[in-house]
Every structure is written in structure tokens, then in C-alpha cells.
Amino acid sequence: MKSVVLSAALVLSAPAAAAGPNLVTNGNFSDGNTGFTSDYDYRAPGNYGPALAQALYAIDTDAFLTHPAWASFADNTGDAAGLYFIANGAGFDSIAWAQTINVIAGFRYNFSAFAANLCCNANQAPPNFSQLSLQADRGSGFETIVDLTLSEVGMWIAISGDYVNGQNTTLALRIVNGNTVAGGNDFALDDLSFNVVPEPQSWTMLIAGFGLVGAAMRRRATAVTA
Ligand SMILES: [Ca+2]
Ligand SMILES: [Ca+2]
């Protein structure tokens, strides 16, 4: 009887349009330098030297605090910590951010982020662009979900693309720097998100899965009481 109530509650709570919970840990960087890996080396606040050098990253509240040539702007999240990811893009193909998450086989997901081009502020020339690629690996090598070229300086731009998981229960995510001209290929990231896309078939599968569990529990309960 309990399992029947559980199934009914899931049907009632299945949202019609809202995305699933964000599966990225520390996607808004409010917890600082934790939850992800990077090809770049980290520098803590106060350890930037005269400027954050090539292939280094920081987690701070304003890119201008880390490099005098970069734009000054606040984080995209607007939370109390106000932190975001700030990278001096390297002169080689490199992974800026990577994280492995748990997923459900066969589901469609959406990978999204906000990114900003950092170089250069009004006192510095010439500007350069940033090229970023959001990628995922469901077991057969990394595939590009979406590419983005950033030319405006100091402005958060949304990146978003869908990805259908295979039969994996874990998925490797990464954001790759695609502009290898090191001078000015610098960028910021904030509010990384990976969510289930609320397709009707996804919810149907989820609810059907719980229904099967419920049916199994009912059969077991019947066997015990018989
Ligand atoms: Ca943030
Ligand atoms: Ca650079």
C-alpha cells in the first residue's frame, strides 16, 4: 500500500516545465577553488604577482583584481560570495574546467554556463577573443556540445547545449580553451549547470521505473504475508 502512495506522489510532483536539479558541484564558484580540476594552476588571492600569468586561474570577485589589463565586472550569480572563475587562457589546447557527475542512462541533459571575455580593458590594446567549447564524454571520447566565441569584453554571455546520455551512469564534463593565441585569449566562467531536460518521456521513464519498483515491493509484500 505504501508503494502505491509513493508512485502517486511522484506523478503529482513531476514538473511540467522546470529543469531537473543542477548536477554540477560548486557551479557558481561560491565555495571557491573546489569541486573541479583544471590544466591551469591555481593562484589564491594575494598571490597573483603583478598579473595573473599565462595558464593560471583564480577564483575572485573581479577579474581586474587579478590582472591590470582585464575588464572590471562582478560575478554573474549575484550571491553573497560574488566569486567567479578567472583564467589566463594558455597558448595551447587546454582544459580550463572539468568535473565528473552522476547521470541516468538514456536521459537528455542540458549543459549551460556563463562566460566572459577579459581582454582587454580600455587602457590596453589590442583586444583578443576567447573561444570556449563545452564538451562531454559518455564513454567513447569527448564530444562538443556547444562552441562559443566571445568578443565583447567584460560581459557575461550564456552558453547552452543539449546532450543525450548513453547507458552511462557517470559523465565527464569539461570546458576547453580553443583560442591558442595566448595574448588576450583570457576568460571568466560562472554558473555552470548540467540538468535533466524535462522531456515527457524522461518523466515517464522515471515514474515507470518507480512504478516497477512499487510493483516488485507489492509482490514481495504479498509473498511475505501469504
Ligand atoms: Ca558566482
Ligand atoms: Ca592568455
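One point on numbering: in the numbering used here, the residue at position 24 of the sequence shown is 20, and numbering is uninterrupted. Even glycine gets a Cβ: it sits at the ideal position worked out from N, Cα and C. Every value quoted in this text rests on a predicted model; they were computed, and no experiment measured them.
Check: Check: ASN84 C-beta below 7 Å from any heavy atom of ligand 2; Outcome: yes
Check: Spatial neighbours of GLN131 in its chain, beta-carbon cut-off 7 Å, leaving aside the 5 residues before and after; Outcome: PHE138, GLU139, THR140, ILE141, ARG170 and VAL172
Check: Neighbouring residues (CB closer than 7 Å to any heavy atom of ligand 1); Outcome: ASN24, PHE25, SER26, ASP71, ASN72, THR73, ASP75, ALA77, GLY78, LEU79, TYR80, ASP186 and ASP187
Check: Per-residue burial, VAL266 [other beta carbons within 10 Å of its own, 16 or more giving buried]; Outcome: A question about residue 266 goes unanswered here, because the residues of the chain that appear run from -3 up to 222.
Check: Residues sharing a beta bridge with ARG39, DSSP; Outcome: Paired residue(s): none; ARG39 is not in a bridge.
Check: Cβ neighbours of ASP89 in the same chain (closer than 8 Å, five flanking residues each side left out); Outcome: VAL172, ASN173, GLY174 and THR176
Check: Among GLY78, ILE55, ILE82 and SER189, nearest to SER126 - alpha-carbon criterion; Outcome: ILE82
Check: Start-to-end residues for the beta strand (DSSP E) that takes in VAL172; Outcome: 166 to 173
Check: ASN191 beta carbon near ligand 2 (any heavy atom closer than 7 Å); Outcome: no
Check: Three or more C-beta pairs below 8 Å linking the segment 86 to 103 and the segment 36 to 54; Outcome: yes
Check: Nonlocal neighbours in the same chain, by C-beta distance under 6 Å from TYR80, ignoring five residues either side; Outcome: PHE25, ASP71, ALA184 and ASP186
Check: Simplified DSSP state of GLY16, which is helix, strand or coil; Outcome: coil
Check: Minimum Cβ-Cβ distance from ASN175 to chain C less than 8 Å; Outcome: Any reference to chain C falls outside this structure, which holds one protein chain only.
Check: Cβ-Cβ distance between PHE69 and GLY180 below 8 Å; Outcome: no
Check: Simplified DSSP assignment, three categories, for PHE190; Outcome: strand
Check: ILE97 beta carbon less than 8 Å from that of PHE32; Outcome: no
Check: Cα-Cα separation, GLN163 to ASP182; Outcome: 36 Å
Check: Proximity below 8 Å, CB of TRP66 to CB of LEU114; Outcome: yes
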